[in-house]
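Visitor: Okay, so the sequence shown: first residue is 370 according to our numbering, each after it adds one. Got a structure for you, questions after.
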Amino acid sequence: MDGSILKTPQQKNCSTLLEFILIGFSDVPNLQGFLFVVFLIMYLIIVLSNSFIIIITRTDPSLQTPMYFFLGNFSFLEICYVSVILPRLLTSLYRQDRSISIIACATQMYSFLCLGATECLILTVMAFDRYVAICSPLLYPVIMNNSFCIQLATGCWVFGVPVHIGFTYWIFSLPFCGSNQLNHFFCDVPPVVSLACWDTLMLEVVIYVIALLVVTVPFMLILVSYVKIISTILKLPSATGRAKAFSTCSSHLIIVALFFGSGIITYLRPKSSYSAVTDKFLSLFYTVLTPLFNPMIYCLRNKDVMIALKKFLLRRFML
Numbered sequence: 370m371d372g373s374i375l376k377t378p379q380q381k382n383c384s385t386l387l388e389f390i391l392i393g394f395s396d397v398p399n400l401q402g403f404l405f406v407v408f409l410i411m412y413l414i415i416v417l418s419n420s421f422i423i424i425i426t427r428t429d430p431s432l433q434t435p436m437y438f439f440l441g442n443f444s445f446l447e448i449c450y451v452s453v454i455l456p457r458l459l460t461s462l463y464r465q466d467r468s469i470s471i472i473a474c475a476t477q478m479y480s481f482l483c484l485g486a487t488e489c490l491i492l493t494v495m496a497f498d499r500y501v502a503i504c505s506p507l508l509y510p511v512i513m514n515n516s517f518c519i520q521l522a523t524g525c526w527v528f529g530v531p532v533h534i535g536f537t538y539w540i541f542s543l544p545f546c547g548s549n550q551l552n553h554f555f556c557d558v559p560p561v562v563s564l565a566c567w568d569t570l571m572l573e574v575v576i577y578v579i580a581l582l583v584v585t586v587p588f589m590l591i592l593v594s595y596v597k598i599i600s601t602i603l604k605l606p607s608a609t610g611r612a613k614a615f616s617t618c619s620s621h622l623i624i625v626a627l628f629f630g631s632g633i634i635t636y637l638r639p640k641s642s643y644s645a646v647t648d649k650f651l652s653l654f655y656t657v658l659t660p661l662f663n664p665m666i667y668c669l670r671n672k673d674v675m676i677a678l679k680k681f682l683l684r685r686f687m688l
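Structural data, given as structure tokens:
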């Protein structure tokens, strides 16, 4: 029997797409030049400021601790993360060429998903580090030894690699019908899946499961860690000690709130409430604003980082 008669008319009309058109911010044509300058400045700030953090956490003797080891990893991750998104967006704004091939789109999505999973895990590991330091200070040097820190960091970086290969392949194996216009500024999962003309119910279930495992579970672990951390801090006899502990943790909590808050809303809200405008706005938080605010928050709220940064800049100016 000819299998084509089992297909719906919509599925019969599906054609193989060779590229998508990223709509991005084309709905505000008069602001294209302005947006290019804004995103270029933001990208340069993100790369330079996070690079400073990487350098000082690697070279300053006072910052050779697990907390700053993970902060250096996090800053390097932020550079990689934003470099998957912004260069492509800047090219589109400058050349007004919004087309992106299917392979390039799949590569961008895969890289974005892997780095996003790594960010979730590194933020969780950073919370675990603060938990051990504050709740079990005597055991801290034993637990958070150099070998264990390297193993944790390596695990964070490689966890998402195999998981998202099959997931990305599945998404781009779907038939796409009708319009190839992707109402987003990069190849994120919800807008790409919304263009598929096949039944995506099973895929949507998998998206929720992966989001729960990669986003919600780490977020809950971070919350549990901070409940115990705050409980321990409140029991400290010294007001100075409590203030210092809160100051150390607050920077991390702000980044967690920005990244996880926008990510959870994007990937776990019902499909019926999907809005391209809302999705683009939320995506800016975890793709651009978190990498932008990370160095500012950690430098402005962390005296050790500020002192190390001043020493680094003074050495360079003295030369």
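Glycine included, C-beta positions come from ideal geometry on N, C-alpha and C.
Under 8 Å Cβ to Cβ from TYR450, same chain only, skipping five residues before and after it: list those, please.
Guide: Same-chain partners within the cutoff: PHE481, LEU484, GLY485, GLU488, THR656, PRO660.
Visitor: What alpha helix (DSSP H) runs, 4 residues minimum, are completely inside the stretch 456-523?
Guide: The stretch 456-523 contains these whole alpha helix (DSSP H) runs: 471-504, 509-512.
Visitor: Compute the beta-carbon to beta-carbon distance between ASN515 and GLU388, rounded to the nearest angstrom, for a pair I have assumed lies under 8 Å.
Guide: ASN515 to GLU388, Cβ: 47 Å. No contact.
Visitor: Can you say whether LYS597 is buried or exposed, counting buried as having 16 or more other CB atoms within 10 angstroms of its CB?
Guide: So LYS597 ends up on the exposed side.
Visitor: Using the Cα positions of LEU653 and TYR412, report the straight-line distance between them to the nearest angstrom.
Guide: Distance between the alpha carbons of LEU653 and TYR412 is about 13 Å.
Visitor: For the candidate residues LEU400, THR609, VAL584, whose alpha-carbon lies nearest to that of GLY630?
Guide: Residue VAL584 is the option with its Cα nearest to GLY630.
Visitor: Closest by CA to LYS672, which one among SER420, SER452, SER616, VAL501?
Guide: Of the candidates SER420, SER452, SER616, VAL501, the one whose C-alpha sits nearest the C-alpha of LYS672 is SER616.
Visitor: Quick one: what's got a C-beta closer than 8 Å to ILE676's C-beta in the same chain, skipping five residues either side?
Guide: Only SER431 meet the Cβ criterion.
Visitor: Using three-state DSSP, classify PHE405 as helix, strand or coil.
Guide: Of the three classes helix, strand and coil, the one that applies to PHE405 here is helix, per DSSP.
Visitor: For PHE389, does the three-state DSSP call read helix, strand or coil?
Guide: PHE389 falls in the strand class under three-state DSSP.
Visitor: Tell me which residues share the same chain as THR460 and place their Cβ nearer than 8 Å to its Cβ, disregarding the 5 neighbours each side in the sequence.
Guide: Closer than 8 Å at Cβ, skipping near neighbours: ASP466.
Visitor: Report the three-state DSSP secondary structure of GLN551 (helix, strand or coil).
Guide: The sequence given here places Leu at residue 551; Gln does not occur at that position. Here LEU551 sits in strand by DSSP.
Visitor: What is the C-beta distance between LYS680 and ASP429, in whole angstroms, given that I count them as a contact (C-beta under 8 Å)?
Guide: With 8 Å as the limit, LYS680 and ASP429 qualify as a contact, their Cβ atoms being about 7 Å apart.
Visitor: State buried or exposed for MET320, treating a residue as buried only when at least 16 other CB atoms are found within 10 Å of its CB.
Guide: There is no way to answer for residue 320, as the model of the chain reaches only from 370 to 688.
Visitor: Just grab the DSSP bridge partners of ALA565 for me.
Guide: DSSP output for ALA565 lists PHE545 as bridge partner(s).
Visitor: According to DSSP, simplified to helix, strand and coil, what is ASP396?
Guide: Correct three-state label for ASP396: coil.
Visitor: Would you mind giving the Cβ-Cβ distance between ILE666 and ILE624, rounded to the nearest angstrom? I have them listed as a contact below 8 Å.
Guide: So it is a contact: roughly 6 Å between Cβ atoms.
Visitor: Helix, strand or coil for LEU603 per DSSP?
Guide: The answer is helix: DSSP assigns LEU603 an H, G or I state.
Visitor: Which residue wins for smallest C-alpha separation from LEU417, given the options ALA475, SER444, ILE634?
Guide: When each option's Cα is compared against that of LEU417, the closest is SER444.
Visitor: Can you check whether the CB of LEU458 is closer than 8 Å to the CB of PHE403?
Guide: Cβ atoms of PHE403 and LEU458: not closer than 8 Å.
Visitor: Any idea if LEU651 is buried or exposed, counting beta-carbon neighbours within 10 angstroms, 16 or more meaning buried?
Guide: Classification of LEU651: buried, given that the 10 Å Cβ count is 16 or more.
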